[in-house]
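Sequential numbering from 0 applies to the sequence shown in numbering that gives the first Met the number 0.
Have a look at the structure below before the remarks.
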Amino acid sequence: MKIKIRCQICPKGCELFPGEIGDCRVRQNMDGVIHCTTYGRPCSINIDPVEKKPLYHFLPGSPILSIATAGCNLHCKQCQNWQISQTTTFEADNKVLPDQVAGMALEQQCPAIAYTYTEPLVSYEYTYDCCKESAEKGLRNVLVTAAFINPEPLREICRYVDAANVDLKSFSDDFYRSICDARLKPVLAALKTMKQCGVMLEITNLIIPTLNDSKEETKQLCAWVVENLGIETPLHFSRFFPQNELKHLPPTPTDTLLHAREIAIETGMQFVYVGNMNDRKGENTWCPECGKLLIERSGFSVSNNLLDNGTCPDCAAVIYGIWD
């Protein structure tokens, strides 16, 4: 008799008969054991500026080795990387094992590795082993994730994770269910778990016209971050452009992002950024105590960094982040 087993990685808890693959298109029941079919098979490896993740409070101006595997346990209608996130297992020509990933970063003089572009946590075993191997070699690890994961595996991998940018897609459970095929509550729980585990957090909220752009939702999102993660948590409001299944919607008006930034600051948040648009106030880092310009950016480039060992050179305020 064929017996199905439950995948324990994410809240969807797919129950799979032998040979079946889960909703993420990655995790498969092979002879009664859940296997990661993307193990050692990245579909993309690049060197990016760390600001592209986006991470503005983590080793600014540094290169970061960025690696992705196919698959995702969300099915976001706005996904910009849907060709690799919503596909069956990508078969690479050659395996790239965890020690080789770490070796690439060292060879290219990248101080950190980002697991990014798709959802790195569905390829859990591969991401975990890469993080562990890289940490043992003195490298730092970054997750760029939607954080739709169960608490136990998240706590385990956070032992080797230094920073994360979490894509908090909305503060509405209806949005998560209808647009992403997921739920909000597990993501909020994951954010709190990461904070408890000492992971340096930044959050991105892609604002999509008519779907998650109300001032009330922005206020609720910011209030939750302040109460549960702290006013120091960097928050990026990102501009939407029509793509994937939402090509019928217009780009986000720039005023919408600027108003969202104002709301976040009024809520008490110290570091609020806008992305996919040019805005001097919204792309630079300012001291929350004295207002001094600390890090000046142009797009993904850092043109000036005046931080003094993670502190403001004028008032000595300690700035949240990983700077060394």
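Even for Gly, the Cβ is constructed at its ideal location relative to N, Cα and C.
Being a predicted model, the structure only gives us computed values, none of them experimental.
Query: On a Cα-Cα basis, can you pick out the residue from 200, 179, 231 that is closest to residue 211?; Result: 179
Query: By a C-beta neighbour count over all protein chains shown, 10 Å radius and 16 as the cutoff for buried, is residue 209 buried or exposed?; Result: exposed
Query: Buried or exposed, going by whether 16 or more other CB atoms sit within 10 Å of the CB of residue 269?; Result: buried
Query: Within 10 Å of its beta-carbon, does residue 56 have 16 or more other beta-carbons around it, so buried, or fewer, so exposed?; Result: buried
Query: Can you tell which of 249, 7, 111 has its C-alpha closest to the C-alpha of residue 47?; Result: 111
Query: Mark residue 39 as exposed unless 16 or more other C-beta atoms lie within 10 angstroms of its C-beta, in which case mark it buried.; Result: buried
Query: Who are the near neighbours of residue 86 in its chain, counting only those whose CB is closer than 6 Å to its CB and skipping five residues on each side?; Result: 69
Query: Which runs of the alpha helix (DSSP H) at least 4 residues long sit entirely within the segment 167-202? Give them in chain order.; Result: 183-195
Query: Give the DSSP-derived three-state secondary structure of residue 29 in the structure shown.; Result: strand
Query: Take residue 324 and list the residues in its own chain whose beta-carbon comes closer than 6 Å to its own, dropping the five residues that flank it on each side.; Result: Only positions 0 to 323 of the chain appear in this structure, which leaves residue 324 out of reach.
Query: Is it right to say residue 93 is buried, meaning 16 or more other beta carbons lie within 10 angstroms of its own, or is it exposed?; Result: exposed
Query: According to DSSP, is residue 155 part of a helix, a strand, or is it coil?; Result: helix
Query: Within its chain, find whatever has a CB closer than 6 Å to the CB of residue 5; leave out the 5 residues flanking it on each side and keep chain order.; Result: 12, 14
Query: Reducing DSSP to helix, strand and coil, say where residue 235 ends up.; Result: strand
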